[in-house]
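A.B. asks: Starting off with a structure, shown below.
What follows is the structure, encoded as structure tokens:
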């Protein structure tokens, strides 16, 4: 059996191919923002997962390139619209589309990207069309639901940890899972294998998002590429904050609540105080334990896939790198 | 041959069926706005056209109900996002979604409606899947392009009449054309018939939109359901205004330019003055002549369709009613 391609091979392939997807040229006010958004880069993780899964199950990955690009365009569409909703000024250290152009253009070029992703998703073997579109559209609905739950949580006074895991499962994890299952579908993998590779992606995605929460507070700013502790300043109901509220009592709970509700504060002071509370409650360790739980589940799911272990190494390596954030 | 169903039959059928499309329930902050938008009603013109075309070509319309609903959900998604971009407070005399909820919810529930429309579009005979999705997504892209051109025109100092016709062709007419062709595809109509029924819809759609421009200035406010002459007040580059700029010279052109560029004005005075200019240039007649041109072209396209004349009566009647705005 020939060795499978590395994650980096697929990521670079996608990075190259995505610059050449066919897009209209006029009106340029619609297509320039789309080209800009696509050119901002990123890990190209989702299409790489699709192609790796396809190769794992014996598929010819060159035949799945179009839907792989479709998944990436869809992902970028969600980022574009999320940036409007979050009023985010920056995306990958560059101006967001609504900032660089305007909000209306951002809404509409996002809509157009979504249509484009659908077009790419239909460039597959007709035998796989119905199943893969059903999965893709179901996932797209779930991603919207996840984003709405995320916005709802901002307004809710209390959110349970289960609700939070459900939300990140929808907003982040199902698209990774979908990409992996699509690759399996295009390779004619069994339903059981499709399910296992889907679960691998779902659990990995949850672990990945929880780690994002940790990195926001404890990550290396330079390596992680964004300012630390934005979540603390904005009172974002991350796993860490929810766990802290769940664990704290007495004067610690009182102090956490005070920082959470205080409108005027010194940012450095707030970050330092909340971190001290987190440390006193072992929140970092508790979150890392939760991450491990999901991460090991994902590795179990991958183990259950009916392919030689030697062939699963690439996906395993990607999962481990992802947890280290070395990619 | 049994008589075909009337436009009203299909419109009522769609009105009934669309209330029952399957939508999630949670988060309700996502699905309530979608149900609200769908419940606002409207003529249900596009799905009716799809079903009528399907029946004209000998199809069993009951098998095309899902994609017909898909076209209507897609149309409503475009209205929802257009309302955000236009900052419109009202839609069919009720609050718009971004007004009743908020902008983020309007963006996201619009996105979700688009996914829903795609799901409905895939509920067809697998033999028609590829062709019908290709047409639907091509059309969706064109509708976005049309909306972008419309926004671009607001900023452009000059717009030609040809550019304007191109824009309304994309923004409005291609979706009518697409609906009709989809009905033909599902009934296994010939490529030639598909083309003719598409052209019928495209020309009819352009005529319909031009008539909208006339009605905004000269329509019966009560019957038309919106305040007169909003286009004049907002300097909207309609066919009437572009034709007036093309036709006017000397002092008339000077006066028109003055009203067009003046920031402070009395609304009643501006409407009356611009109407007087339009009248002096016979703008209403010139526009009606253009409408007739497209309307008669559409009837020619319908004539070219290879179906018995007696069967084309229903589509003809719908087209005529549409021009009278009696429906």
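Residue numbers (the numbering used here), protein chains in the order written: chain A, 1 to 327; chain B, 1001 to 1327.
Every residue, glycine too, gets a C-beta built ideally from N, C-alpha and C.
As the structure is a prediction and not an experimental result, all values here were calculated from the model.
#1: For residue 1098 of chain B, count the other beta carbons within 10 Å of its own beta carbon; 16 or more makes it buried, fewer makes it exposed. Which is it?
#2: Does the Cβ-Cβ distance between residue 1195 of chain B and residue 1294 of chain B come in under 8 Å?
#3: Closest to residue 1197 of chain B by C-alpha separation, out of B:1057, B:1044 and B:1310, would be which residue?
#4: Could you work out which residues of chain B lie near residue 255 of chain A, taking near to mean beta carbons separated by less than 7 Å?
#5: Under 7 Å Cβ-Cβ, which residues of chain B neighbour residue 210 of chain A?
#6: Within the segment 1103-1152 of chain B, note down every full alpha helix (DSSP H) run reaching 4 residues or more, in order along the chain.
#7: Do you know whose CA, among A:86, A:153 and A:125, lies nearest residue 238 of chain A's CA?
#8: Alpha carbon to alpha carbon, how far is residue 325 of chain A from residue 45 of chain A?
#9: Is the separation between the beta-carbon of residue 1077 of chain B and that of residue 1121 of chain B shorter than 8 Å?
#10: Applying a beta-carbon distance threshold of less than 9 Å, which residues of chain B neighbour residue 178 of chain A?
#11: Would you call the segment 1128-1137 of chain B and the segment 124-133 of chain A in contact, with 3 or more CB pairs under 8 Å?
#12: Any beta carbon of chain B sitting closer than 8 Å to that of residue 327 of chain A?
#13: Return the CA-CA distance between residue 1184 of chain B and residue 1178 of chain B, expressed in angstroms with no decimal places.
#14: When DSSP labels each residue in this structure, what does residue 1258 of chain B get in the three-state scheme?
#15: Who pairs with residue 1318 of chain B in a beta bridge, going by DSSP?
#16: On the CB-based measure, 16 or more other CB atoms within 10 Å of its CB, does residue 264 of chain A come out buried or exposed?
#17: For a quick check, are the C-beta atoms of residue 1291 of chain B and residue 1207 of chain B less than 8 Å apart?
#18: Residues of the segment 1109-1122 of chain B with a CB closer than 9 Å to any CB of chain A: list them in chain order, please.
#19: Helix, strand or coil for residue 95 of chain A per DSSP?
#20: Residues of chain B with CB closer than 7 Å to the CB of residue 140 of chain A, please, in chain order.
#21: Is residue 1210 of chain B a contact residue of the ligand GDP, with contact defined as CB to any heavy atom under 7 Å?
#22: For residue 1148 of chain B, would you say it is in contact with chain A, using Cβ-to-Cβ distances shorter than 8 Å as the test?
#23: Looking only at DSSP bridge pairs, what is residue 1004 of chain B linked to?
#24: Chain B partners of residue 24 of chain A, CB-CB under 8 Å?
#25: Which same chain residues, not among the five before or five after residue 1070 of chain B, have their C-beta less than 6 Å away from its C-beta?
#26: Buried or exposed: where does residue 192 of chain A fall if 16 or more other Cβ atoms within 10 Å of its Cβ makes it buried?
#27: What separation, rounded to the nearest whole angstrom, lies between the Cα atoms of residue 1066 of chain B and residue 1060 of chain B?
#28: Counting C-beta neighbours from all protein chains within 10 Å, is the total for residue 146 of chain A 16 or more, i.e. buried, or is it exposed?
#29: Leaving out the 5 sequence neighbours to the left and right, which residues in its chain are closer than 7 Å to residue 1165 of chain B when beta-carbon positions are compared?
#30: In this structure, how does DSSP classify residue 327 of chain A when only helix, strand and coil are distinguished?
#31: Name the DSSP beta bridge partners of residue 1090 of chain B, please?
#32: Taking 8 Å as the cut-off, decide whether the C-beta atoms of residue 1311 of chain B and residue 1299 of chain B are in contact.
#33: The segment 123-137 of chain A: which residues have C-beta closer than 8 Å to a C-beta of chain B, in chain order?
#34: Provide the residue span of the alpha helix (DSSP H) that contains residue 1212 of chain B, from first to last.
C.D. replies: Based on what the coordinates show:
#1: On the second chain, position 98 is the one that residue 1098 of chain B refers to. Counting Cβ neighbours within 10 Å, residue 1098 of chain B comes out buried, since at least 16 surround it.
#2: For the purposes of this step, residue 1195 of chain B is identified with residue 195 of the second chain, where counting begins at 1. For the purposes of this step, residue 1294 of chain B is identified with residue 294 of the second chain, where counting begins at 1. Against a cut-off of 8 Å, the Cβ pair of residue 1294 of chain B and residue 1195 of chain B comes out as no contact.
#3: On the second chain, residue 1197 of chain B is found 197 positions in, with the first residue counted as 1. Residue B:1057 is the option with its Cα nearest to residue 1197 of chain B.
#4: On the first chain, residue 255 of chain A is found 255 positions in, with the first residue counted as 1. The premise fails here: residue 255 of chain A is roughly 32 Å from chain B at the closest Cβ pair, so nothing lies under 7 Å.
#5: In the first chain, the residue the question calls residue 210 of chain A occupies position 210. Within 7 Å Cβ-Cβ: nothing; residue 210 of chain A doesn't reach chain B, min ~21 Å.
#6: 1103-1121
#7: Position 238 of the first chain, counting from 1, holds the residue named residue 238 of chain A. Per the Cα distances, A:153.
#8: Position 325 of the first chain, counted from the first residue, corresponds to residue 325 of chain A. Position 45 of the first chain, counted from the first residue, corresponds to residue 45 of chain A. Going from the Cα of residue 325 of chain A to the Cα of residue 45 of chain A covers about 12 Å.
#9: By one-based count along the second chain, residue 1077 of chain B stands at place 77. By one-based count along the second chain, residue 1121 of chain B stands at place 121. The answer is no: Cβ separation not under 8 Å.
#10: The sequence position of residue 178 of chain A within the first chain is 178, counting from 1. Residues of chain B passing the Cβ test: none, with the nearest at roughly 13 Å.
#11: yes
#12: Against the first chain, residue 327 of chain A aligns to sequence position 327. Residue placement at residue 327 of chain A is poorly supported in this model, since its pLDDT is 44, which falls under 50; the coordinates still yield a value, given next. Residue 327 of chain A does not count as touching chain B.
#13: What you label residue 1184 of chain B is simply residue 184 of the second chain in a count that begins at 1. What you label residue 1178 of chain B is simply residue 178 of the second chain in a count that begins at 1. One C-alpha to the other measures close to 10 Å.
#14: Here residue 1258 of chain B corresponds to residue number 258 of the second chain, with the count starting at 1. Of the three classes helix, strand and coil, the one that applies to residue 1258 of chain B here is helix, per DSSP.
#15: Stepping through the second chain from its first residue, residue 1318 of chain B is reached at position 318. In DSSP, residue 1318 of chain B forms no bridge with anything.
#16: As a working mapping, residue 264 of chain A is identified with position 264 in the first chain. Residue 264 of chain A is exposed by the Cβ-count criterion.
#17: Against the second chain, residue 1291 of chain B aligns to sequence position 291. Against the second chain, residue 1207 of chain B aligns to sequence position 207. Yes. Within cutoff.
#18: 1109, 1110, 1111, 1112, 1114, 1115, 1116, 1118, 1119 and 1122
#19: For the purposes of this step, residue 95 of chain A is identified with residue 95 of the first chain, where counting begins at 1. Looking at residue 95 of chain A - three-state DSSP - the assignment turns out to be strand.
#20: Locating residue 140 of chain A in the first chain gives position 140, counting from the first residue. Chain B residues near residue 140 of chain A: 1115.
#21: Looking for the ligand GDP in the displayed structure turns up nothing, as the structure carries no ligands at all.
#22: Locating residue 1148 of chain B in the second chain gives position 148, where the first residue counts as 1. By this cut-off, residue 1148 of chain B is an interface position.
#23: Here residue 1004 of chain B refers to the residue found at position 4 of the second chain. Answer by DSSP bridge pairing: none, since residue 1004 of chain B is not bridged.
#24: Sequence index remark: in the first chain, residue 24 of chain A carries index 24 (1-based). Under the 8 Å cutoff, chain B gives 1141 and 1145.
#25: For the purposes of this step, residue 1070 of chain B is taken as residue 70 along the second chain, with counting starting at 1. The residues are 1117, 1120 and 1121.
#26: Residue numbering aside, residue 192 of chain A sits at position 192 when the first chain is read from its first letter. With fewer than 16 Cβ atoms within 10 Å of its Cβ, residue 192 of chain A is classed as exposed.
#27: Within the second chain, the letter at position 66 stands for residue 1066 of chain B. Within the second chain, the letter at position 60 stands for residue 1060 of chain B. One C-alpha to the other measures close to 13 Å.
#28: Position 146 of the first chain, counted from the first residue, corresponds to residue 146 of chain A. Counting Cβ neighbours within 10 Å, residue 146 of chain A comes out buried, since at least 16 surround it.
#29: As a first step, residue 1165 of chain B is located in the second chain; it is residue number 165 there, counting from the start. Closer than 7 Å at the Cβ level, and outside the excluded window around residue 1165 of chain B, lie 1206.
#30: For this step, residue 327 of chain A is matched to residue 327 along the first chain. Reliability of the predicted coordinates at residue 327 of chain A is poor, the pLDDT of 44 falling under 50, and the value obtained from them is presented with this limitation in mind. Looking at residue 327 of chain A - three-state DSSP - the assignment turns out to be coil, as it is neither helix nor strand.
#31: Translated into the one-based positions of the second chain, residue 1090 of chain B becomes position 90. BP columns for residue 1090 of chain B point to B:1095.
#32: For the purposes of this step, residue 1311 of chain B is identified with residue 311 of the second chain, where counting begins at 1. For the purposes of this step, residue 1299 of chain B is identified with residue 299 of the second chain, where counting begins at 1. Not closer than 8 Å, so no.
#33: 126, 129, 130, 133, 134 and 137
#34: The residue labelled residue 1212 of chain B in the question sits at position 212 within the second chain. It spans 1191-1218 - the alpha helix (DSSP H) in which residue 1212 of chain B sits, taken as one unbroken run.
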